[in-house]
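Residue numbers (the numbering used here): 10 to 251.
Cβ atoms here follow ideal geometry from the backbone N, Cα and C, with glycine treated the same way.
Notes follow the structure.
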């Protein structure tokens with residue numbers, strides 16, 4: 010049930026790929042201005058959870074609400090228009106298009122008029138000055154870290170209330186991962202709520218507010234970041250295969 014100050018509520022959702030059940034009664038929430046992480050081994054259901062929230066996969070049970078509105082049955086485009094931005098694993102930039110063209114695509118779902126789109130591009134370039142130096146460069150020729158920045162910047166054009174990222178640090182150097190999470194913390198401080206699937210638990214748990222651990226489509230542990238850090242050795246051995 011939705012409560013004041015809670016942006017996202019996922020209640021007992023089940024999801025399938027054909028006959029294979031991927032999610033089993035997953036329940037989680039994200040509060041306004043909170044950063045929450047999902048952890049788990051490959052196949053635990055982390056990516057499917059994000060895809061269910063954004064409308065990319067259907068659910069057979071449970072409910073998903075965003076700011077009190079039921080997201081059930083909505084298309085990904087409609088979910089995005091409501092203020093939920095989803096950056097999939099692999100970043101999803103248009104590699105053959107320039108940085109400027111990629112940023113313009115960030116306003117497509119929201120049908121922004123040209124003047125407003127230009128203003129919002131200026132806003133995100135203030136956060137990502139490096140992108141401002143590469144506006145005419147093809148996105149596919151940039152480094153992995155720069156492409157991740159571009160993916161986030163493009164999502165921010167729509168001024169999302171909730172930003173979801175699937176393995177944002179995948180393939181990035183440790184120094185770039187640290188810079189990335191510092192940026193995400195800055196976004197949270199600015200009022201954006203975040204839900205993140207992340208492999209670098211140590212880095213993520215130093216920044217996020219809370220976390221959930223999934224195993225075989227179920228939430229098997231949850232709590233404040235400090236508690237998960239304290240229990241991480243036990244959790245990793247039991248559920249993550251490490």
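Does DSSP classify residue 79 as helix, strand or coil? Residue numbering aside, residue 79 sits at position 70 when the chain shown is read from its first letter. DSSP places residue 79 in strand when its eight states are reduced to three.
Nearest-angstrom Cα distance between residue 119 and residue 246? Position 110 of the chain shown, counted from the first residue, corresponds to residue 119. Position 237 of the chain shown, counted from the first residue, corresponds to residue 246. C-alpha separation (whole angstroms): 44 Å.
Would you mind stating whether residue 95 and residue 63 have Cβ atoms separated by less than 8 Å? Locating residue 95 in the chain shown gives position 86, where the first residue counts as 1. Locating residue 63 in the chain shown gives position 54, where the first residue counts as 1. With contacts defined by Cβ atoms closer than 8 Å, residue 95 and residue 63 form a contacting pair.
Have a look at residue 108 and residue 116 and give me their C-alpha separation to the nearest angstrom. Residue numbering aside, residue 108 sits at position 99 when the chain shown is read from its first letter. Residue numbering aside, residue 116 sits at position 107 when the chain shown is read from its first letter. Cα to Cα, the separation comes out at about 14 Å.
Decide if residue 35 is buried, meaning its Cβ has at least 16 other Cβ atoms within 10 Å, or exposed. The residue labelled residue 35 in the question sits at position 26 within the chain shown. Buried: at least 16 other Cβ atoms inside 10 Å.
Could you tell me whether the segment 41-48 touches the segment 206-225, using the rule of 3 or more Cβ pairs below 8 Å? Yes, since at least three Cβ pairs between the segment 41-48 and the segment 206-225 fall closer than 8 Å, the two stretches touch.
DSSP three-state label for residue 231, please. Here the question's residue 231 lines up with position 222 in the chain shown. Three-state result, residue 231: strand.
For residue 93 versus residue 171, is the C-beta distance shorter than 8 Å? Numbered from 1 along the chain shown, position 84 holds the residue referred to as residue 93. Numbered from 1 along the chain shown, position 162 holds the residue referred to as residue 171. The Cβ atoms of residue 93 and residue 171 sit closer than 8 Å to each other.
Run through DSSP, which three-state label would residue 95 get? Indexing the chain shown from 1 puts residue 95 at position 86. Taken through DSSP and simplified to helix, strand or coil, residue 95 comes out as strand.
What residue from 39, 31, 60 has the CA that sits closest to residue 53's CA? The sequence position of residue 53 within the chain shown is 44, counting from 1. Taking only the C-alpha atoms, the option nearest residue 53 is 31.
Mind checking who residue 167 pairs with in its DSSP beta bridge? As a working note, residue 167 is residue 158 in the chain shown. Beta-bridge pairing links residue 167 to no other residue.
Suppose you measure from the CA of residue 65 to the CA of residue 51; what does that come to, to the nearest Å? The residue you call residue 65 lines up with position 56 of the chain shown. The residue you call residue 51 lines up with position 42 of the chain shown. The alpha-carbon atoms of residue 65 and residue 51 are separated by roughly 19 Å.
Are there 16 or more other CB atoms within 10 angstroms of the CB of residue 122, so buried, or fewer, so exposed? Your numbering for residue 122 matches position 113 in the chain shown. Answer is exposed; the Cβ neighbour count stays below 16.
For the 8 Å Cβ check, are there 3 or more pairs between the segment 139-149 and the segment 195-202? With fewer than three CB-CB distances shorter than 8 Å, the segment 139-149 does not count as touching the segment 195-202.
Cutting at 7 Å between CB atoms, please list the residues of its own chain near residue 60, excluding the five before and the five after it. Indexing the chain shown from 1 puts residue 60 at position 51. Closer than 7 Å at Cβ, skipping near neighbours: 66.
Specify, as a first and last residue, the run of the beta strand (DSSP E) that residue 268 falls within. There is no way to answer for residue 268, as the model of the chain reaches only from 10 to 251.
Coarse secondary structure for residue 173, derived from DSSP in three states: On the chain shown, position 164 is the one that residue 173 refers to. Correct three-state label for residue 173: strand.
Of all the options 70, 55, 41, 28, which has the alpha carbon lying nearest to the alpha carbon of residue 22? Here residue 22 refers to the residue found at position 13 when the chain shown is read from its first residue. Cα-wise, what sits closest to residue 22 is 70.
Nearest neighbour of residue 99, chosen from 178, 192, 204, 235 [CA to CA]: Within the chain shown, residue 99 is the residue found at index 90, counting from 1. From the listed residues 178, 192, 204, 235, the smallest Cα separation to residue 99 is found for 178.
Beta carbon of residue 57 nearer than 8 Å to that of residue 24: Sequence index remark: in the chain shown, residue 57 carries index 48 (1-based). Sequence index remark: in the chain shown, residue 24 carries index 15 (1-based). Less than 8 Å separates the beta-carbon of residue 57 from that of residue 24.
Residues near residue 153 by beta carbon distance below 7 Å, same chain, minus five either side: Start at 1 with the first residue of the chain shown, and residue 153 comes out as number 144. Taken in chain order, the residues that qualify are 180, 181.
Please check the pair residue 72 and residue 81, which I expect to be a contact at CB under 8 Å, by giving their CB distance rounded to whole angstroms. Locating residue 72 in the chain shown gives position 63, counting from the first residue. Locating residue 81 in the chain shown gives position 72, counting from the first residue. Yes, residue 72 and residue 81 are in contact; Cβ-Cβ is about 6 Å, under 8 Å.
Give a yes or no on whether the C-beta atoms belonging to residue 134 and residue 113 are separated by under 8 Å. On the chain shown, residue 134 is found 125 positions in, with the first residue counted as 1. On the chain shown, residue 113 is found 104 positions in, with the first residue counted as 1. Cβ distance not < 8 Å, so residue 134 and residue 113 don't count as in contact.
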